[in-house]
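Structure first, commentary second.
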Amino acid sequence: MLPTSQSEMSAEWKWYDFLFVILTSLFLTAAAAAVLPMELGDQEGIITTSWIQYLTWAALALALAQMRTIRRHGMGLVFALKDIWYIPFGFGLQLALSLLALPLIQLLRPNAEPLQEAVSTMGNLQDPLLIVAFASMVTVAAPIVEELTFRGILMGSARRLGIWWSIIISAVVFSLFHIIGLSDRGAALIALPQILILGGILGWMTWKADRLGPAIATHAGFNLLAVVLTLTGLDY
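Sequential numbering of the sequence shown, starting at 8, is according to the working numbering.
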């Protein structure tokens, strides 16, 4: 077990750092969305505003790290070549959790549309630039920025409560963040345990590795399956 005192990842983050990054990025994204050209379609608008959110999210987190003199190692942004093997692990984890959720899907949504709402919106992407923008957002931007925020800032700020509490807190907040926008209650109930398990695994991996590389790669692999299914138009 790696004692918190020997951890290279910073525990200097505060809980309000997390709130500041999340709420400010949401406000700035909403402001940007309000002035986007009206001719933007649903797909273009969603992809554009999502990129704006992740970029502002990352910029705010990095600015806070600079203010607190938290360097790259302290943020956990350290990667190793072996981390690439976590991508297929994440892909398999998403597949396994989706298969385990099938009975719940049949119970709660027997005749419903695909579980992930992004499928119906992004499933017929034709523009190569939009496909690249969507795929890179989900498999690169989202894993890096979300892991920096949830396993870096939030989990780091909760470490004073104990490592297991910090893992649990980051996993719960992570899962709630991802289902809060789902309009379908059945979809939310199905997605919640899957994302909660993912968050717990990512937190545990971050603690064991003392860096975000493995968690980011696993998160990327997890999202990769969703991208493949979305772009091929398959239901899940």
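Built from N, CA and C at the ideal position, the CB exists for glycine as well.
Would you mind sorting residue i into buried or exposed? The rule is 16 or more other CB atoms within 10 Å of its CB.
i: ASP90; result: buried
i: LEU205; result: buried
i: THR55; result: buried
i: GLN34; result: With the sequence shown as reference, residue 34 is identified as Phe, and Gln is not the correct amino acid for it. Exposed, since its Cβ has fewer than 16 Cβ neighbours within 10 Å.
i: PRO110; result: exposed
i: ASP24; result: buried
i: SER182; result: buried
i: PRO150; result: buried
i: VAL152; result: buried
i: TRP64; result: buried
Starting from the C-beta of residue i, find all residues in its chain whose C-beta is less than 7 angstroms away, skip the five residues before and the five after it, and write them out in chain order.
i: TRP92; result: none
i: GLU19; result: ARG75 and ILE77
i: LEU137; result: GLN50, GLU51 and ILE54
Taking just the CA atoms, how far does residue j sit from residue i?
i: THR245; j: ILE176; result: Since the first residue shown for the chain is 8 and the last is 243, residue 245 is missing from the structure and cannot be characterised.
i: TRP214; j: SER32; result: 26 angstroms
i: VAL126; j: ALA37; result: The predicted position of VAL126 is uncertain, since its pLDDT is 49 and thus under 50; a value taken from the coordinates is nonetheless stated next. C-alpha separation (whole angstroms): 23 angstroms.
i: VAL42; j: GLN113; result: 41 angstroms
i: LEU122; j: ALA194; result: For LEU122, the predicted model reports a pLDDT of 48, less than 50, meaning its position is unreliable and no value from the coordinates is stated.
i: TRP211; j: ALA222; result: 9 angstroms
i: MET74; j: ARG158; result: 19 angstroms
i: ILE29; j: ALA68; result: 9 angstroms
i: ARG192; j: MET16; result: 37 angstroms
i: GLU124; j: ALA108; result: Low per-residue confidence applies at GLU124: pLDDT is 49, beneath 50, and the placement is therefore not dependable, though the value from the model is reported in the following sentence. Between GLU124 and ALA108, the C-alpha separation is close to 16 angstroms.
i: GLY104; j: GLY188; result: According to the sequence as given, residue 104 is Leu; it is not Gly. Near 21 angstroms, if we compare the C-alpha coordinates of GLY188 and LEU104.
i: ALA70; j: GLU154; result: 16 angstroms
i: ILE94; j: LEU232; result: 10 angstroms
Leaving out the 5 sequence neighbours to the left and right, which residues in its chain are closer than 6 angstroms to residue i when beta-carbon positions are compared?
i: ALA148; result: TYR61
i: HIS80; result: GLU15
i: ALA72; result: MET82
Can you tell me where the alpha helix (DSSP H) with residue i in it begins and where it stops?
i: VAL139; result: 135-143
i: GLY83; result: Note, GLY83: premise wrong, no alpha helix (DSSP H); not H, not E.
i: GLY228; result: 220-239
i: LYS21; result: Taken as a continuous stretch (DSSP letters only), LYS21 belongs to no alpha helix (DSSP H), as it is neither H nor E.
For residue i, collect the residues of the same chain with a Cβ closer than 8 angstroms to its Cβ; drop the 5 residues on either side in sequence, then sort them by chain order.
i: VAL234; result: PHE141, ALA142, VAL145 and THR146
Going residue by residue through the segment 157-187, where are the continuous alpha helix (DSSP H) segments of at least 4 residues, counting only ones entirely within it? Every alpha helix (DSSP H) stretch that sits fully inside the segment 157-187 and reaches 4 residues is listed by chain position as 170-186.
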